[in-house]
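Numbering (my numbering), first residue to last: 121 to 285.
Here's the structure, in structure tokens; my notes come after.
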């Protein structure tokens, strides 16, 4: 009688252990993470079951509560971090910087990260457009401010030298 009870308890422990192992496995698996060349966003290739594979934006995965519950904790943490980093990326970046033909002034070409739209403006025009300036990285914004400052300093020097003559 005691042996039967011990065997039943051992069997019950084994079943509980197996149940815990099966329930902690994630239903979905991330196979690959890459940056989409068309949209500029990070995408993940997700294996839903043994046969079904889909592609989904990382930000969409993180927002979808039901979907993210089917992933393991480490993957959730990684995807949340990547979505946060992606959200913090600037919307615009300075692509080309060249001198204009008519005046000694720089013309900057700024490209949108998502729309691949290119805007051509001078540094002084960009400094006036605060909304566009806030969508640039701090390094690009600093460069624009420096270029506008150099131009203003050159103008002041030219005016002072003309007054002395």
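Cβ atoms here follow ideal geometry from the backbone N, Cα and C, with glycine treated the same way.
Extent of the continuous alpha helix (DSSP H) run through residue i
| i | result |
| --- | --- |
| residue 276 | 258-284 |
| residue 253 | 250-254 |
| residue 206 | 193-208 |
| residue 185 | 185-188 |
Range covered by the beta strand (DSSP E) that runs through residue i
| i | result |
| --- | --- |
| residue 169 | First-last for residue 169: undefined, no H or E at that position. |
| residue 232 | 226-232 |
| residue 241 | 238-241 |
| residue 217 | 212-219 |
For residue i, the nearest candidate out of the options (CA to CA)
| i | options | result |
| --- | --- | --- |
| residue 195 | 216, 153, 214 | 153 |
| residue 235 | 175, 158, 254, 229 | 158 |
| residue 243 | 276, 147, 261, 232 | 261 |
| residue 275 | 257, 247, 225 | 225 |
| residue 267 | 283, 245, 190 | 245 |
| residue 180 | 125, 252, 136, 200 | 200 |
| residue 192 | 138, 241, 146, 264 | 146 |
| residue 252 | 206, 230, 190 | 230 |
| residue 160 | 237, 281, 188 | 237 |
| residue 271 | 282, 227, 257 | 227 |
| residue 175 | 185, 184, 164 | 164 |
| residue 208 | 169, 258, 187 | 258 |
| residue 265 | 215, 279, 250, 278 | 250 |
Other residues of its chain near residue i: CB distance less than 8 angstroms, five sequence neighbours each side excluded
| i | result |
| --- | --- |
| residue 202 | 153, 162, 178 |
Cutoff 7 angstroms; reference residue i; Cβ partners in own chain excluding five residues on either side
| i | result |
| --- | --- |
| residue 155 | 162 |
| residue 167 | 148, 149, 151, 173 |
| residue 187 | 181 |
| residue 263 | 214 |
Own chain, CB closer than 6 angstroms to residue i, minus 5 neighbours either side, in chain order
| i | result |
| --- | --- |
| residue 211 | 233, 255 |
| residue 216 | 229 |
Bridge-paired residues (DSSP) for residue i
| i | result |
| --- | --- |
| residue 148 | In DSSP, residue 148 forms no bridge with anything. |
| residue 162 | 155 |
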